[in-house]
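The block underneath contains the structure these notes are about, expressed in structure tokens.
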Amino acid sequence: MKNVLQFFVILLLIGNGLKAQNPLVTDIFTADPTARVFNGKLYVYPSHDIVPEEGIEAPKFCMPDYHMYSLEGGNTWKDYGVVLDQNSVPWGKKNSYGMWAPDCIKKGDTYYYYYPAEPVDKSSFRRIGVGTSKSPTGPFKWEKNYIKNVEGIDPGLLLDDNGKAYLYFGGGEKLFVAPLKGNMKEVASKPIKIEGLPAGYKEGSFPIKANGMYYLTFAHVFANEGYTIAYATSNNPLGPFTYRGKIMDNLGNGTNHHSVVKYKGKWILFYHWWEISGYNKLRSMRADYMTFKEDGTIARVKPTLR
Ligand code: FUB
1 MKNVLQFFVI LLLIGNGLKA QNPLVTDIFT ADPTARVFNG KLYVYPSHDI
51 VPEEGIEAPK FCMPDYHMYS LEGGNTWKDY GVVLDQNSVP WGKKNSYGMW
101 APDCIKKGDT YYYYYPAEPV DKSSFRRIGV GTSKSPTGPF KWEKNYIKNV
151 EGIDPGLLLD DNGKAYLYFG GGEKLFVAPL KGNMKEVASK PIKIEGLPAG
201 YKEGSFPIKA NGMYYLTFAH VFANEGYTIA YATSNNPLGP FTYRGKIMDN
251 LGNGTNHHSV VKYKGKWILF YHWWEISGYN KLRSMRADYM TFKEDGTIAR
301 VKPTLR
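So the sequence shown is residues 1 to 306, counted in our numbering.
Here it is in structure tokens:
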């Protein structure tokens, strides 16, 4: 299986002739990209899809660790190597291959990297852990325990203008939010369920503040279309939110974890697709510009092929 896929990838790259702008990197498979701008530089914190080794019974997504990237100009992405391996999670089950979508945020002079993993204590499907660093590229010092009272996946962080931070996370097709304490490692109060999201809300929420409003983008599944990327808005980070529409049509992904970032005055949607592998569990991160209209709504983003 591994060899067949690698052969397919090489054929496709040769067929395309040149390294395309999309996907962003082609030497490994990357998914669920969270993009952040720190000190004017663009960083991406994705998850990492691999083909299971022979004999390893892996879950449907086989995700052993995290790499991270920075944009070095043009379409050159620097890979900093493994930021966190599944077997280095202090509270995690070994060889779980469940290192799903992470996030990283800066508060003061510290970078906080949030990630989901399977806890060795079996208390939940996934818990969320955090590590700190004085550099966006690490090394991160990983907290010994997961964040208490948080059970779920897809950590999405919002740092409000007043310095308050919020952790959004999902689970079971529900989205929760909790304000974080000043230390960014504990929730300040019990997480609450976000109200107002449409039927078909799935996962992968990403919070931003723009145009004086709170926007939540998320994967929205329609019976006749599958996974799309949609959004909702609110004047309160805790909600309730109002559904505002679709940002991207279904790409046949099976999942649609993404992020939105403003870089050099332009908004960019980071997302993933599996056009290199031909298999939707081996994804490649991509990016396309996204536009807010005058009225604050978001124009539909059409994925560029290259
Ligand atoms: O890519 C693995 C997981 O699938 C993500 O963390 C979820 O959002 C879902 O897309």
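Backbone N, C-alpha and C fix where the C-beta goes; we use that ideal spot for every residue, glycine too.
Between the beta-carbon of G381 and the beta-carbon of A223, is there less than 9 angstroms? Here the chain has residues from 1 to 306 only, and residue 381 is not among them.
Return yes when the C-beta of H257 is under 8 angstroms from any heavy atom of the ligand FUB, and no when it is not. In the sequence shown, the residue the question calls residue 257 occupies position 257. H257: yes, Cβ under 8 angstroms from the ligand FUB.
Relative to the alpha-carbon of S259, which residue among E143, F206, S47 and C104 has its alpha-carbon at the smallest distance? In the sequence shown, the residue the question calls residue 259 occupies position 259. Nearest of E143, F206, S47 and C104 to S259, Cα basis: F206.
Proximity test, M63 beta-carbon vs the ligand FUB heavy atom, cut-off 8 angstroms: As a position in the sequence shown, residue 63 is number 63, starting the count at 1. The answer is yes for M63.
Using the three-state DSSP reduction, which class does S234 fall into: helix, strand or coil? For the purposes of this step, residue 234 is taken as the residue at position 234 of the sequence shown. Note: S234 maps to strand in three-state DSSP.
Taking A219 as the reference, give the member of K107, F292 and D154 with the closest Cα. Here residue 219 refers to the residue found at position 219 when the sequence shown is read from its first residue. Considering only alpha carbons, the answer is D154.
Whole-number beta carbon distance between Y114 and L157, since they are thought to touch under 8 angstroms: Taking the sequence shown and counting its residues from 1, the one referred to as residue 157 is at position 157. Taking the sequence shown and counting its residues from 1, the one referred to as residue 114 is at position 114. So it is a contact: roughly 6 angstroms between Cβ atoms.
Thinking C-alpha only, which one of G296, K293, K264 and M248 is nearest W273? By one-based count along the sequence shown, residue 273 stands at place 273. The shortest C-alpha separation from W273 is found at M248.
Going by DSSP, which residues form a beta bridge with L167? Counting from one through the sequence shown, the residue named residue 167 turns up at place 167. Beta-bridge pairing links L167 to L157 and A178.
For the ligand FUB, any of its heavy atoms closer than 8 angstroms to the Cβ of W274? Here residue 274 corresponds to residue number 274 of the sequence shown, with the count starting at 1. Every heavy atom of the ligand FUB is 8 angstroms or more from the Cβ of W274, so no.
Proximity test, D154 beta-carbon vs the ligand FUB heavy atom, cut-off 8 angstroms: Taking the sequence shown and counting its residues from 1, one reaches residue 154 at position 154. Yes, the beta carbon of D154 sits closer than 8 angstroms to at least one heavy atom of the ligand FUB.
Report the CB separation of W91 from V120 in whole angstroms; it is logged as a contact under 8 angstroms. Mapped onto the sequence shown, residue 91 falls at position 91. Mapped onto the sequence shown, residue 120 falls at position 120. Between V120 and W91 the Cβ distance is about 6 angstroms, and since that is below 8 angstroms, they are a contact.
Between I128, R126, S123 and Y112, which lies nearest to T137 when the distance is taken from Cα to Cα? Locating residue 137 in the sequence shown gives position 137, where the first residue counts as 1. When each option's Cα is compared against that of T137, the closest is Y112.
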